[in-house]
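Our numbering numbers the first residue of the sequence shown as 16 and each following residue consecutively.
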Amino acid sequence: MALHYVYNTPFDQLIWDVGHQAYPHKILTGRRDKIGTIRQKGGLHPFPWRGESEYDVLSVGHSSTSISAGIGIAVAAEKEGKDRRTVCVIGDGAITAGMAFEAMNHAGDIRPDMLVILKRQ
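Structural data, given as structure tokens:
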């Protein structure tokens, strides 16, 4: 809830690493009445899904991709001159994957305007 309060979503970009982290996000972004339809035919996607809401920046399914995707989004916003914030939320299990470590290493080198939140499960 705090992320939607602090940041100007959907202009500012919130990137969820895996679907179950995004369930409260779905409730807060106008899908509360349909939350019980997750994983049902014709229901909400179990993951953030671009076609479902303007608040879902990426369609995701696998873990450990949020930081690398966030780097691309943050760099693009900077090159376009947009004063947009990028926030990546990743869990303590997903951060252990090689892709996440490589992305953190790259972010340390290029220093994009991006916040990474490590969520302890």
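Think of the CB as a built atom: it goes at the ideal place given N, C-alpha and C, for glycine as much as any other residue.
Quick caveat: nothing in here was measured; it's all calculated off a predicted structure.
Among all the DSSP beta bridges, which residues are the ones paired with residue i?
| i | result |
| --- | --- |
| W31 | V104 |
| M129 | T101 |
| K134 | G106 |
Once DSSP output is grouped into helix, strand and coil, what is the label at residue i?
| i | result |
| --- | --- |
| K97 | coil |
| I53 | coil |
| S83 | helix |
Quick check on this structure: which residue in the options has the alpha carbon closest to the alpha carbon of residue i?
| i | options | result |
| --- | --- | --- |
| V72 | V104, Y38, P63 | P63 |
| S78 | T111, R126, H121 | T111 |
Which residue marks the beginning of the alpha helix (DSSP H) containing residue i, and which one marks its end?
| i | result |
| --- | --- |
| Y20 | 17–21 |
| K41 | 38–41 |
From residue i to residue j, what does the alpha carbon distance come to, in whole angstroms?
| i | j | result |
| --- | --- | --- |
| I88 | Q36 | 20 angstroms |
| T101 | F26 | 9 angstroms |
| G51 | D124 | 42 angstroms |
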